[in-house]
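Step one of this worksheet: look at the structure below.
There are 4 protein chains.
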Amino acid sequence: MQHILEGNRRWVESRLAEDPEYFHKLSQGQKPRYLFIGCSDSRVPGSAITGTKPGEMFTHRNIANLVVPTDMNMLSVLQYAVEVLKVEVILVVGHYGCGGVAAAASNKQHGLIDSWLTNIRDVIRLHETELLRIHDEDQRLRRLVELNVMEQVRNLAKTNIIQNARTKPNPPQLHGLVYDISEGILHDLEVDTRDLDEFSHIYSTISKPAAPLDPQVQAEVQQQLQQQHSKGKKQEAAQATEQNEAKQTA
Amino acid sequence: MQHILEGNRRWVESRLAEDPEYFHKLSQGQKPRYLFIGCSDSRVPGSAITGTKPGEMFTHRNIANLVVPTDMNMLSVLQYAVEVLKVEVILVVGHYGCGGVAAAASNKQHGLIDSWLTNIRDVIRLHETELLRIHDEDQRLRRLVELNVMEQVRNLAKTNIIQNARTKPNPPQLHGLVYDISEGILHDLEVDTRDLDEFSHIYSTISKPAAPLDPQVQAEVQQQLQQQHSKGKKQEAAQATEQNEAKQTA
Amino acid sequence: MQHILEGNRRWVESRLAEDPEYFHKLSQGQKPRYLFIGCSDSRVPGSAITGTKPGEMFTHRNIANLVVPTDMNMLSVLQYAVEVLKVEVILVVGHYGCGGVAAAASNKQHGLIDSWLTNIRDVIRLHETELLRIHDEDQRLRRLVELNVMEQVRNLAKTNIIQNARTKPNPPQLHGLVYDISEGILHDLEVDTRDLDEFSHIYSTISKPAAPLDPQVQAEVQQQLQQQHSKGKKQEAAQATEQNEAKQTA
Amino acid sequence: MQHILEGNRRWVESRLAEDPEYFHKLSQGQKPRYLFIGCSDSRVPGSAITGTKPGEMFTHRNIANLVVPTDMNMLSVLQYAVEVLKVEVILVVGHYGCGGVAAAASNKQHGLIDSWLTNIRDVIRLHETELLRIHDEDQRLRRLVELNVMEQVRNLAKTNIIQNARTKPNPPQLHGLVYDISEGILHDLEVDTRDLDEFSHIYSTISKPAAPLDPQVQAEVQQQLQQQHSKGKKQEAAQATEQNEAKQTA
């Protein structure tokens with residue numbers, strides 16, 4: 507504890523040396539532009555790695571930066587950040603070497619946290635084919651870290667908090683990033699609107715699709731939906747089928 | 507309230523008429539064989555529709571009979587039922603005409619419950635291709651009710667509570683059923699061990715797969731995993747590819 | 507499982523014997539008047555013990571009939587019941603001999619469920635003086651079962667779902683009951699509006715008390731608040747004030 | 507986003523300027539000594555205000571630094587920090603001027619977050635008498651911030667994670683602190699073991715108190731328990747006992 511209190515006093519001195527009004531200004535209230543959703547890992551302090559100052563970044567940190575749609579803890583942060591503070595940008599930030607992701611990818615028990623990690627196992631299930639294609643285990647874990655971030659950004663887009671904000675002017679932008687601890691660099695995964703809208707016909711709680719079509723048109727629409735609904739899956743499917751056919755003709 | 511208290515008194519009389527020792531016996535403690543996880547819907551009272559008596563069925567009921575792996579409410583019921591009461595059979599019971607499932611399949615907002623229903627939308631995403639093939643909307647919703655039950659049974663198998671019980675003698679059996687309100691019949695979906703084990707290489711928290719293989723063998727194993735991992739997906743994939751090829755050659 | 511399916515078939519036959527249209531009518535939809543929040547205990551099937559029929563009682567059952575204000579599972583049931591189904595009466599039903607309550611009152615570990623039971627320990631803390639006055643352990647546990655129900659009814663009144671419903675016509679009535687397994691009788695605890703409003707100055711999310719008063723008036727108001735705020739604490743409060751006055755005049 | 511990425515690049519440069527091996531060392535794994543549970547408020551970045559470096563402080567941040575015993579998000583952080591990382595010190599850090607605390611102390615609705623804030627209202631209920639004695643509203647809110655931190659530290663002590671850790675060598679120390687934004691200073695609330703053990707007879711899941719005493723001794727013990735159990739309540743308890751005695755002798 508002494509270590510903490512001394513560290514605090516030193517920090518106060520260095521702030522005041524830079525700006526005697528520093529704390530007085532801060533105490534006037536917060537108007538953060540960012541909501542940072544990151545991992546609890548001690549090596550990923552949000553404001554440090556983004557070079558933002560106290561007052562700029564509203565923060566939620568949990569194991570493996572998960573956005574669980576029924577989690578009242580995270581939802582409360584999100585609702586307050588979006589509806590009360592009106593943040594402009596939401597960052598979901600994962601990091602390579604994440605212990606939670608590695609634990610989820612193992613077949614071991616870690617106690618109560620196993621329940622929480624099930625959410626990452628669900629990400630593995632959704633993207634199993636892509637992950638299976640990666641032979642190197644380190645590379646596969648790195649890809650899982652990225653896919654986990656992308657699915658958590660999607661989980662944000664599933665909430666009615668974000669969906670409602672999008673019906674109003676200046677909704678918050680959603681971004682997925684991965685932090686590389688070994689070099690300190692933040693990488694933008696460029697999860698764009700198209701990625702987020704890929705499943706919006708399923709998750710939207712707002713716009714009702716038009717009235718039922720006649721069967722002929724509906725069949726065509728369904729076919730198109732099937733084709734567009736997963737960029738990845740189509741290719742995998744084609745390859746899997748090729749493989750199957752190769753085997754069967756062999 | 508008066509209605510409730512009078513109904514209670516009538517019920518007590520009818521029980522005592524059948525067996526004067528009825529309540530005395532019950533008060534000796536419970537030793538239920540079943541855990542029933544069912545919907546809150548007023549038309550699906552677990553003990554009535556299964557013809558079981560007070561004392562036979564430990565019960566959890568929520569909207570759309572969901573098993574959410576991070577839900578402390580359900581997990582507490584499950585842990586107590588499995589580890590303390592040592593139930594023999596766990597039934598996840600859905601029902602056609604489920605308002606929660608219908609709400610999840612619509613693109614409308616229903617308030618706070620939207621978060622809860624996201625879990626059903628995740629089921630839609632996982633099984634979208636199968637659902638899209640069903641043109642009739644009623645039939646599609648009925649299939650979604652079934653798929654939802656199957657995924658909730660799988661969610662049970664994801665928990666370390668069930669996984670640990672399976673390392674011991676007489677683990678609880680897991681069953682998925684659908685109740686047809688229009689005729690009163692309970693249908694067994696026959697979710698068998700194979701279905702549950704389909705993703706056990708992902709969700710198991712217990713057995714560690716063997717040491718890394720050499721690249722050649724690993725490639726073969728991966729190919730086999732890909733082939734076995736989804737009975738459904740393979741066919742869909744084949745069809746989607748056929749369709750694509752048909753289009754491309756057209 | 508065979509036992510369950512056979513029990514179901516017998517039940518269907520008995521229903522149809524009484525009314526051939528029974529299931530057809532039920533399948534037209536539900537319009538339940540009651541929301542039942544009860545214990546998972548196998549001996550407390552809600553519709554049986556209240557003599558209500560399928561279609562009358564929307565139901566949530568968990569360990570020890572708890573209403574945890576951050577529990578998305580229960581909140582989803584509550585919101586749907588109140589805002590969509592517009593139930594007229596909400597019953598929180600505990601029962602003497604509750605294993606969950608007994609577990610919470612012991613100093614033993616029961617696994618993951620310990621977290622859930624902390625809510626009951628909070629009830630013990632709130633009412634410790636009353637409980638300590640009861641020498642007989644069985645009587646003390648019975649009183650704890652009752653106090654637990656009363657606090658869960660209060661927890662309902664803490665939600666903005668109930669608070670909002672009360673600003674509209676015909677809000678649902680809240681009732682706390684205890685079921686006595688040894689005789690089958692449901693007892694109304696008569697938690698009345700006064701009990702619920704005891705802490706409404708703390709928990710209300712709606713009416714803002716008037717602007718700050720001048721110090722003199724405020725002191726008087728605070729004194730009055732102190733006096734009215736708790737039947738139990740009233741005496742204590744009065745004494746404390748006397749003491750203060752004694753001190754100040756001393 | 508550009509702002510974030512540029513801030514990150516500047517931070518990397520400054521780190522590398524100080525120590526070219528900085529990131530390489532960090533990437534070897536984390537061995538944090540501290541778990542920081544703090545508010546999401548943008549002005550309270552844990553590592554900055556404590557002067558700790560990346561790698562030293564495992565972090566969970568949510569609205570109003572709450573420790574909710576059924577919250578799987580926080581519990582997963584806690585279990586991982588205590589059982590896997592074996593942190594030495596756990597800090598619950600509140601701050602004066604907390605928007606969440608102010609919102610809970612108001613009688614206004616803020617949306618979904620109202621559920622979360624109910625936990626703070628429970629703190630108000632527990633300490634209402636003390637709060638009512640404080641006439642100045644700012645001072646009352648400051649005291650509520652402190653009481654909230656103290657109750658959250660107690661909530662940690664209610665978990666079986668902490669209770670189990672305490673049966674082993676070198677359990678984590680629990681500390682409650684308040685950060686004063688207006689001057690940058692962290693204040694130690696000195697929540698000591700005595701505070702934490704005040705209710706351990708209720709919350710302990712481990713040691714079973716001795717066998718039932720004879721009624722005479724039990725009565726005496728109860729009286730003593732009543733007297734010792736709460737510093738605040740002590741006076742009230744004594745008075746109540748006097749009253750009882752007065753009555754009994756009357």
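Chains as they are written, first to last, in our numbering: chain A, 507 to 756; chain B, 507 to 756; chain C, 507 to 756; chain D, 507 to 756. Ideal Cβ placement from N, Cα and C applies to all residues, glycine included.
Exposed or buried, which one is residue 750 of chain D when buried takes at least 16 other CB atoms within 10 Å?
Reliability of the predicted coordinates at residue 750 of chain D is poor, the pLDDT of 47 falling under 50, and the value obtained from them is presented with this limitation in mind. Classification of residue 750 of chain D: exposed, given that the 10 Å Cβ count is below 16.
Going along chain C, which residues have a C-beta under 7 Å from residue 576 of chain A?
Per Cβ cutoff of 7 Å: 578.
Thinking C-alpha only, which one of C/534, C/574 and C/565 is nearest residue 583 of chain C?
Closest in C-alpha terms to residue 583 of chain C, from the list C/534, C/574 and C/565, comes C/565.
With distances taken Cα to Cα, identify the nearest neighbour of residue 590 of chain A among D/664, D/696, D/679 and D/618.
D/618
For residue 694 of chain B: DSSP bridge partner residues
B/683
Following the continuous beta strand (DSSP E) through residue 598 of chain A, name the residue where it begins and the one where it ends.
595 to 601
Roughly how many angstroms lie between the CA atoms of residue 716 of chain C and residue 623 of chain D, to the nearest whole one?
Only weak support is given to the placement of residue 716 of chain C: the predicted model assigns it a pLDDT of 42, under 50, and the question is left unresolved by the model.
Any C-beta of chain D under 7 Å from that of residue 620 of chain C
At least one chain D Cβ lies under 7 Å of residue 620 of chain C.
Should residue 675 of chain B go down as buried or exposed, given a rule of 16 or more other Cβ atoms within 10 Å for buried?
exposed
First through last residue of the beta strand (DSSP E) which encompasses residue 566 of chain A
563 to 568
With DSSP collapsed to three states, give me the class of residue 617 of chain B.
coil
Return the residue from the list D/640, D/663 and D/621 that minimises the CA-CA distance to residue 707 of chain D.
D/663
Is there at least one Cβ from chain C nearer than 7 Å to residue 630 of chain B's Cβ?
False, the Cβ-Cβ gap to chain C never drops below 7 Å.
Using only the alpha-carbon positions, how far apart do residue 687 of chain B and residue 604 of chain B sit?
10 Å
In chain order, what residues of the same chain have a beta carbon less than 6 Å from the beta carbon of residue 653 of chain B, not counting five sequence neighbours either side?
629 and 633
Output, in sequence order along the chain, the residues in the segment 558 to 573 of chain D whose CB is closer than 7 Å to any CB in chain A.
Residues passing the 7 Å Cβ filter: 558, 560, 561, 562, 563, 564, 565, 566, 567, 568 and 569.
Residues in its own chain within less than 6 Å of residue 681 of chain D by CB, not counting five upstream and five downstream?
597
Can you tell me which of the three DSSP states residue 591 of chain C falls into?
coil
Residue 554 of chain A touches chain D at which residues, Cβ-Cβ below 8 Å?
517, 551, 553, 554 and 560
Pick from A/711, A/683 and A/636: whose alpha carbon is nearest that of residue 659 of chain A?
With distances taken between CA atoms, residue 659 of chain A lies nearest to A/683 out of A/711, A/683 and A/636.
Nearest-angstrom Cα separation, counted from residue 540 of chain A out to residue 588 of chain A
Those two C-alpha atoms are separated by around 10 Å.
Check the DSSP bridge columns for residue 544 of chain B and list the partner residues they point to.
B/567 and B/599
So, for residue 549 of chain A: in the same chain, excluding its five sequence neighbours on each side, which residues have a beta-carbon less than 8 Å away from its beta-carbon?
Cβ neighbours of residue 549 of chain A beyond the five flanking positions: 601 and 687.
Using 7 Å as the threshold, is the C-beta distance between residue 758 of chain A and residue 692 of chain A below it?
Limits of chain A in this structure are 507 at one end and 756 at the other, which puts residue 758 of chain A out of reach.
From residue 621 of chain D to residue 608 of chain C, what distance separates their C-alpha atoms?
28 Å
Nearest candidate by alpha-carbon position, reference residue 519 of chain A, set D/657, D/525, D/699 and D/690:
D/690
Neighbour flag for residue 617 of chain A against chain D, beta carbons, 7 Å
yes
Using a Cβ-Cβ distance cut-off of 7 Å, determine whether residue 666 of chain C contacts chain D.
yes
Between which two residues does the alpha helix (DSSP H) harbouring residue 581 of chain B extend?
578 to 585
Tell me, please, whether the CB atom of residue 705 of chain D is closer than 7 Å to any CB atom in chain C?
yes
Go through its chain and collect everything with a Cβ distance to residue 513 of chain D's Cβ below 8 Å, but skip five positions before and after it.
none
Note down the Cα distance separating residue 561 of chain D from residue 635 of chain A, rounded to an integer number of angstroms.
One Cα belongs to residue 561 of chain D, the other to residue 635 of chain A, and the distance between them is close to 34 Å.
What does residue 711 of chain B reach in chain A if we use C-beta pairs closer than 7 Å?
613, 614, 615 and 620
What do you reckon, are the CB atoms on residue 697 of chain D and residue 656 of chain D nearer than 7 Å?
yes
Compute the Euclidean distance between the alpha carbons of residue 712 of chain A and residue 615 of chain B, then round it to the nearest angstrom.
6 Å
Per-residue contacts from residue 474 of chain C into chain D (C-beta, under 8 Å):
Since the first residue of chain C shown is 507 and the last is 756, residue 474 of chain C is not available in this structure.
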